[in-house]
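Colleague: Using the working numbering, read the sequence shown as starting at -8 and increasing by one per residue. Cβ atoms here follow ideal geometry from the backbone N, Cα and C, with glycine treated the same way. If you're wondering where the values come from, they're calculated on a predicted model, not measured in any experiment.
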Amino acid sequence: MAKKQFKAESKRLLDLMINSIYTHKEIFLRELISNASDAEDKLAYKALTDDQVPVDRKDLKITIVPDKEMRTLTVSDNGVGMTREELENNLGTIAKSGSFQFKQDLAKEEKGEDIDVIGQFGVGFYSAFMVADHVTVVSRAYGSDEAWMWQSDGADGYTVTQCEKDAPGSDVIMHLKANADEENYDQYLETYKLQELIKKYSDYIRYPIVMEVEDYRQKEKPADAGDDYKPEWETVKEWKTINSMVPLWQRQKSKVTAEEYNAFYKEKFMDWQDPLAVVHTSAEGAVTYKAMLYIPQKAPYDFYTREYQKGLQLYSSGVLIMDKCADLLPDYFRFVKGVVDSPDFSLNISREVLQHDRQLKVIASALEKKIKGELVKLQKEDPEKYEQFWTAFGSQIKYGVVADYGAHKDNLKDLLLFWSSKEGKNTTLEAYQGRMAEEQPYYYYACGESVDKIAKLPQVERILDKGYEILYCTEDVDDFVMQALGEIDGKKFKSATAEDALPQTEEEKKAAEEKAEEGKPVLEAVKAALGDQVKEVRLSKILKSGACCLSADGPVSLEMERYMRKMEGGEHMKAERVLELNADSAPYAALKRAVDAGDQDTVEKYAKLLYGQALLLADLPLEDPAEYAQLVCSLMA
């Protein structure tokens, strides 16, 4: 029989279908199963709307049959089937979708709300040619006694001939290509591989996907077996439903147990621990979707590396479209795992990639609010669990505050935790605000390597003595976080080490000016001894009992310098250092005596010792540790 040519620019277009549209060859099975599901849907709809179609939905199924000997893989359905005309129109015209036409016809009759078909573009069937060198479709339309066979080797055209078929439905029979250097087509004849692909892409197709699989079972014990009988095992083949059919997120929250949520999470996302929290949500209206999101207990080993990929699993009508859809999560919630299912996503022709549209943004915005709401709820109702979350992902929230020039700070500030000098544990900003004395001028914070080290900083002493609470910041990013936050309700964040951390009265300012004038000779002598190591030496307004400390002038703080030292290439970013001396301390008195006596050698030693001490207190490295050690030893001698 003469071959009929495909309608459209057949060779060029079919070649595009086979070689360019789909990223992975394994997608072919997803596409054929989706087509089979649509065929079942159409028949189920007919049965629902026509009393003359006595079909029980429970009898509908999709069957997968690999045949290694014949080198064929068959995907069968017992759905609505196709007439000769439909075979020619749907398979002979590339990019014409019978499912799409069916949906349009229902819409014209105002009945489209009762059925959700998957196929939209009419190209999924041709993905079979990615793995097959010959494809046969045997189909019999429901209500017809005639069956027809469509056959094609690809772009050279196709034939349609009459044939026999016992029952309505369609069989897609693929003769697989021979293995090539980099392509293993044999794998699509292996039962384990087919089961893997079904579970991956089509686990939530609403009809059973059945296969004959091998199983091991214990043989029945013979009636005459004695006490020393040892059980024997045998390999048997049995038909098994591979897919789960009804996804957990489609069920009502009230009907899903915590054990079911946890089991789904651990199996789907390869975690051995239960999640900290679950967000199960849905919406209907302009955008319809269902989502099930999980907050893990711990960060994966690669979470803070470039290799980590954020994203939610994206389903369209129960079919996996993307394994990690990054656009549904902001970076600061990148730790969230889960699935989103919506029939409203605008997909590209291969149904592998999302077209970025309004629906996607609407869903992403709604999910972001749900995630934050769940975290706030966890913080208030189960502080212990929230502490666990914060240990795992607190840094990520802080980076979110800093990112995009602080654009997200208002959304994230409620989630922040910092160690409280007053409470001796982590606190929220809201709780800190509630404890603030009415006259307290700022939200105070201090940065350092650890809580213990910060508590011993000489600069924080005067703030604590006032009874004011200080937030102890022990992460590199914390100083940037405080600067990004700026202020809350008109009160600014202020470093406890800042010179103006405590406002001065006019009398205090005058007394400080007089001290500074008296101490000029000492300050000039110390500056001369240290040279370019410091920008300035001055009397401190922030020290109480400590002898010295280091502060910074200019836009680069000491905290920023410490942070940049850890970054590649950042070691050259230095703060303009200022050595501050306490005029009321014993070391200053000794320094003054040396200056008054003109003992330049002692002045130089004292200056270097005090500067070294200030560096150590600021968690900055000594520029010459050996010299510092010799100075200490020389004074002891």
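Pick out whichever of Arg131, Thr63, Ser118 has its Cα sitting closest to the Cα of Glu77.
Modeller: Residue numbering aside, residue 77 sits at position 86 when the sequence shown is read from its first letter. Comparing Cα-Cα distances from Glu77 to each of Arg131, Thr63, Ser118, the minimum goes to Arg131.
Colleague: So what does DSSP say about Asn417, is it helix, strand or coil?
Modeller: Along the sequence shown, one-based indexing puts residue 417 at 426. It is a strand residue.
Colleague: Look at Asp610 and Gly439 and say whether their C-beta atoms are less than 8 Å apart.
Modeller: Along the sequence shown, one-based indexing puts residue 610 at 619. Along the sequence shown, one-based indexing puts residue 439 at 448. The answer is yes: Cβ separation under 8 Å.
Colleague: What residue range is occupied by the uninterrupted beta strand (DSSP E) comprising Arg529?
Modeller: The residue given as residue 529 occupies position 538 in the sequence shown. Note, Arg529: beta strand (DSSP E), 527 to 530.
Colleague: So for Phe260, helix, strand or coil by DSSP?
Modeller: Here residue 260 refers to the residue found at position 269 of the sequence shown. Note: Phe260 maps to coil in three-state DSSP.
Colleague: Tell me which residues share the same chain as Lys518 and place their Cβ nearer than 6 Å to its Cβ, disregarding the 5 neighbours each side in the sequence.
Modeller: Taking the sequence shown and counting its residues from 1, one reaches residue 518 at position 527. Within the same chain, Lys518 has close Cβ partners Val528.
Colleague: Have a look at Gly148 and Leu34 and give me their C-alpha separation to the nearest angstrom.
Modeller: By 1-based counting over the sequence shown, the position of residue 148 is 157. By 1-based counting over the sequence shown, the position of residue 34 is 43. Going from the Cα of Gly148 to the Cα of Leu34 covers about 29 Å.
Colleague: Going by C-alpha to C-alpha distance, which of Lys526, Gly70, Asp58 sits closest to Asp50?
Modeller: As a first step, residue 50 must be located in the sequence shown, where it is residue number 59. Minimum Cα distance to Asp50 is reached at Gly70.
Colleague: Are Glu203 and Trp230 touching if we call contact CB-CB under 8 Å?
Modeller: To locate residue 203, count along the sequence shown from 1; it is residue 212. To locate residue 230, count along the sequence shown from 1; it is residue 239. Yes.
Colleague: Out of Thr418, Leu607, Pro578, Gln604, which one is the CA nearest neighbour of Thr593?
Modeller: Here residue 593 is taken as the residue at index 602 of the sequence shown, counted from 1. Selected option, being the one with the closest Cα: Pro578.
Colleague: Between the Cα of Val327 and the Cα atoms of Ile312, Tyr256, Lys413, Lys368, which residue gives the shortest distance?
Modeller: As a working note, residue 327 is residue 336 in the sequence shown. Selected option, being the one with the closest Cα: Tyr256.
Colleague: Which class does Pro374 belong to by DSSP, given the choice of helix, strand or coil?
Modeller: As a first step, residue 374 is located in the sequence shown; it is residue number 383 there, counting from the start. Three-state result, Pro374: helix.
Colleague: Taking the alpha-carbon positions, what's the Ala428 to Leu582 distance?
Modeller: Taking the first residue of the sequence shown as position 1, residue 428 is located at position 437. Taking the first residue of the sequence shown as position 1, residue 582 is located at position 591. Whole-angstrom Cα-Cα distance: 39 Å.
Colleague: Please name the residue in Arg568, Ser542, Asp575 whose C-alpha comes closest to that of Gly510.
Modeller: Translated into positions along the sequence shown, residue 510 becomes position 519. Looking at the Cα atoms, Asp575 is the closest of the given residues.
Colleague: Helix, strand or coil: which one does DSSP assign to Leu34?
Modeller: Here residue 34 refers to the residue found at position 43 of the sequence shown. Looking at Leu34 - three-state DSSP - the assignment turns out to be helix.
Colleague: Report the rounded CA-to-CA distance for Val392 versus Ile354, giving the unit in angstroms.
Modeller: If you number the sequence shown from 1, residue 392 lands on position 401. If you number the sequence shown from 1, residue 354 lands on position 363. If you take the alpha carbons of Val392 and Ile354, they lie about 22 Å apart.
Colleague: Whose C-alpha, out of Gly425, Val623, Lys482, is nearest the C-alpha of Tyr433?
Modeller: Against the sequence shown, residue 433 aligns to sequence position 442. The residue with the shortest Cα to Cα distance from Tyr433 is Lys482.
Colleague: Just to confirm, are Ala580 and Leu521 a CB contact at a threshold of 8 Å?
Modeller: Along the sequence shown, one-based indexing puts residue 580 at 589. Along the sequence shown, one-based indexing puts residue 521 at 530. In this structure, Leu521 does not lie closer than 8 Å to Ala580 by Cβ.
Colleague: Measure the C-alpha to C-alpha separation of Tyr463 and Trp410 and round it to an integer number of angstroms.
Modeller: Here the question's residue 463 lines up with position 472 in the sequence shown. Here the question's residue 410 lines up with position 419 in the sequence shown. Distance between the alpha carbons of Tyr463 and Trp410: 5 Å.
Colleague: Between Asn175 and Pro199, how many whole angstroms is the CB-CB distance? I'm expecting something under 8 Å.
Modeller: The residue you call residue 175 lines up with position 184 of the sequence shown. The residue you call residue 199 lines up with position 208 of the sequence shown. Wrong, their Cβ atoms sit about 28 Å apart, outside the cutoff.
Colleague: Let me confirm a value: Gly89 is counted as buried when at least 16 other C-beta atoms fall within 10 Å, else exposed. Which label applies?
Modeller: Mapped onto the sequence shown, residue 89 falls at position 98. Only weak support is given to the placement of Gly89: the predicted model assigns it a pLDDT of 42, under 50, and the value that follows is read from those uncertain coordinates. Result: buried.
Colleague: Since I believe Asp162 is in contact with Thr65 (beta carbons under 8 Å), could you give me their beta-carbon distance rounded to a whole number of angstroms?
Modeller: Residue 65 sits at position 74 when you count from the first residue of the sequence shown. Residue 162 sits at position 171 when you count from the first residue of the sequence shown. Indeed they touch by this definition, with Cβ atoms about 6 Å apart.
Colleague: Hey, quick one: how far does the alpha helix (DSSP H) through Gly603 stretch, first residue to last?
Modeller: One-based indexing of the sequence shown puts residue 603 at position 612. Per DSSP, Gly603 belongs to the alpha helix (DSSP H) from 591 to 608.
Colleague: Rounded to whole angstroms, what is the Cα-Cα separation between Leu20 and Lys301?
Modeller: Here residue 20 corresponds to residue number 29 of the sequence shown, with the count starting at 1. Here residue 301 corresponds to residue number 310 of the sequence shown, with the count starting at 1. If I take the Cα positions, the gap works out to 26 Å.
Colleague: Any idea which residues DSSP pairs Gly329 with across the strands?
Modeller: In the sequence shown, counting from the first residue as 1, residue 329 sits at position 338. Paired residue(s): Leu284.
Colleague: Compare the beta carbon distance of Ala656 and Met165 with 8 Å and say whether it is the shorter of the two.
Modeller: Because residue 656 is not part of the residues shown, which for the chain are -8 to 628, the question remains open.
Colleague: In terms of DSSP beta bridges, what is Lys500 paired with?
Modeller: Along the sequence shown, one-based indexing puts residue 500 at 509. For Lys500, which the question treats as bridged, DSSP gives no partner whatsoever.
Colleague: Touch check for the stretch 268 to 277 and the stretch 304 to 318: three-plus C-beta pairs under 8 Å?
Modeller: The answer is no - the stretch 304 to 318 does not touch the stretch 268 to 277, with fewer than three Cβ pairs under 8 Å.
Colleague: Taking 8 Å as the threshold, find out whether the stretch 445 to 462 comes into contact with the stretch 533 to 552 through three or more Cβ pairs.
Modeller: Cβ pair count under 8 Å is three or more, so yes.
Colleague: For Asp587, report the span of its alpha helix (DSSP H) as first-last.
Modeller: By 1-based counting over the sequence shown, the position of residue 587 is 596. Unbroken alpha helix (DSSP H) run through Asp587: 577 to 588.
Colleague: Do Val586 and Val525 count as a contact pair if the criterion is CB distance below 8 Å?
Modeller: Taking the first residue of the sequence shown as position 1, residue 525 is located at position 534. Taking the first residue of the sequence shown as position 1, residue 586 is located at position 595. It is not a contact, given that the beta carbons lie outside the stated cut-off.
Colleague: Under DSSP, the beta strand (DSSP E) around Glu668 begins and ends at which residues?
Modeller: Because the chain is modelled from -8 through 628, residue 668 falls outside the range shown and cannot be assessed.
Colleague: Pairs of beta-carbons, one from the stretch 289 to 301 and one from the stretch 236 to 256, closer than 8 Å: are there three or more?
Modeller: No, because fewer than three Cβ pairs between the stretch 289 to 301 and the stretch 236 to 256 fall closer than 8 Å, the two stretches do not touch.
Colleague: Looking at the unbroken beta strand (DSSP E) that takes in Lys483, where does it start and where does it end?
Modeller: Translated into positions along the sequence shown, residue 483 becomes position 492. Element bounds for Lys483: 482 to 486.
Colleague: Note down, in chain order, each residue of its chain lying with its Cβ closer than 6 Å to the Cβ of Glu637, except the 5 sequence neighbours on either side.
Modeller: In the structure as shown, the chain starts at -8 and stops at 628, and residue 637 therefore has no counterpart that could be examined.
Colleague: How big is the Cα-Cα spacing for Ala487 and Glu430?
Modeller: By 1-based counting over the sequence shown, the position of residue 487 is 496. By 1-based counting over the sequence shown, the position of residue 430 is 439. When rounded, the distance between both Cα atoms is 16 Å.
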